[in-house]
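Enquirer: Per this note's numbering, the very first residue in the sequence shown carries number -17; after that it's consecutive.
Glycine residues also receive a C-beta, built at the ideal position from the N, C-alpha and C atoms.
Since the structure is predicted, the reported quantities are computational estimates derived from the model, not experimental observations.
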Amino acid sequence: MKLSLNGEWRLRYCLEAEHMPAPETWPEISARVPGNVELDLCRAGVEKEAFYGENLYDYRKYEFYAWRFEREFELETLPESRLMLIFEGLNTYADVYVNGQKVGSADNMLIAHEFDVTAAVQAGVNSLLVEIHSAMNVAREKDYPVFMAAND
-17 MKLSLNGEWR LRYCLEAEHM PAPETWPEIS ARVPGNVELD LCRAGVEKEA
33 FYGENLYDYR KYEFYAWRFE REFELETLPE SRLMLIFEGL NTYADVYVNG
83 QKVGSADNML IAHEFDVTAA VQAGVNSLLV EIHSAMNVAR EKDYPVFMAA
133 ND
């Protein structure tokens, strides 16, 4: 059984901060998956064309945002074997939920990610949520050691 989840998703976004408002209050636009949030923001009329003039600078603020991609999918029956959810790319720090149950996390955008969702799905309508965290904010929390090298 193969089911493509490409296509239209709902996208919510908010400045990622310690005390964020409830996700239900975040702005919502339509998004295309696979895709790009900058293009989604432009299509929704939230931002101007990124690759025209200096408009790209207007997008810098979004490096500090959290993103929530949401959609539903339907399974007529449950498969008899394991059901895997496969992402060809998640940018970069992400948590994935099926029907409110966390099924996996990602911390590398350059590889595919597979999550076993067998225990999380149900016959009928299922919800899928992908939370993308700001890579800039995650980097701020890390302690990067400084090394000095001696020249011989």
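Measuring alpha carbon to alpha carbon, tell me which residue in PRO127, VAL78, PHE69 and ASP98 is nearest GLY17.
Expert: Checking every option, the nearest Cα to that of GLY17 belongs to PHE69.
Enquirer: According to DSSP, ARG14 sits in a beta bridge with which residue or residues?
Expert: Looking at the DSSP assignment, ARG14 forms a beta bridge with GLU(-10).
Enquirer: Is it the case that the Cβ atoms of LEU136 and ASN108 are separated by a distance below 8 Å?
Expert: The first residue shown for the chain is -17 and the last is 134, placing residue 136 beyond what the model contains.
Enquirer: So the alpha helix (DSSP H) VAL19 belongs to, where does it begin and stop?
Expert: Residues 19 to 25.
Enquirer: DSSP on PHE46, reduced to helix/strand/coil?
Expert: Of the three classes helix, strand and coil, the one that applies to PHE46 here is helix, per DSSP.
Enquirer: Are VAL78 and VAL103 touching if we call contact CB-CB under 8 Å?
Expert: It is not a contact, given that the beta carbons lie outside the stated cut-off.
Enquirer: CA-CA distance, PHE51 and ARG42?
Expert: Their backbone Cα atoms lie some 20 Å apart in a straight line.
Enquirer: What number of angstroms, rounded off, separates the C-alpha of PRO39 from the C-alpha of GLU62?
Expert: Strictly speaking, residue 39 in this sequence is Tyr, with Pro absent from that position. Distance between the alpha carbons of TYR39 and GLU62: 50 Å.
Enquirer: Does the separation of the CB atoms of LEU110 and LEU(-13) fall below 8 Å?
Expert: Yes; because the gap between Cβ atoms is below 8 Å, this pair is in contact.
Enquirer: If distances are taken between C-alpha atoms only, which option among LEU67, GLU(-10) and MET130 comes closest to GLU10?
Expert: For the residues LEU67, GLU(-10) and MET130, the minimum Cα distance to GLU10 belongs to GLU(-10).
Enquirer: If you draw a straight line from the alpha carbon of LYS124 to that of ALA117, how long is it in whole angstroms?
Expert: Straight-line Cα distance between these residues: approximately 11 Å.
Enquirer: From this set, ALA105, ALA(-1) and GLY27, which residue's C-alpha is nearest TRP49's C-alpha?
Expert: Nearest C-alpha to TRP49: ALA(-1).
Enquirer: Among GLY27, ARG53, TYR47 and LEU(-15), which has the Cα closest to the Cα of HIS1?
Expert: Residue TYR47 is the option with its Cα nearest to HIS1.
Enquirer: Rank GLU54, LEU(-7), ALA121 and ARG14 by C-alpha distance to the C-alpha of ASN90 and give the top, closest one.
Expert: Nearest C-alpha to ASN90: ALA121.
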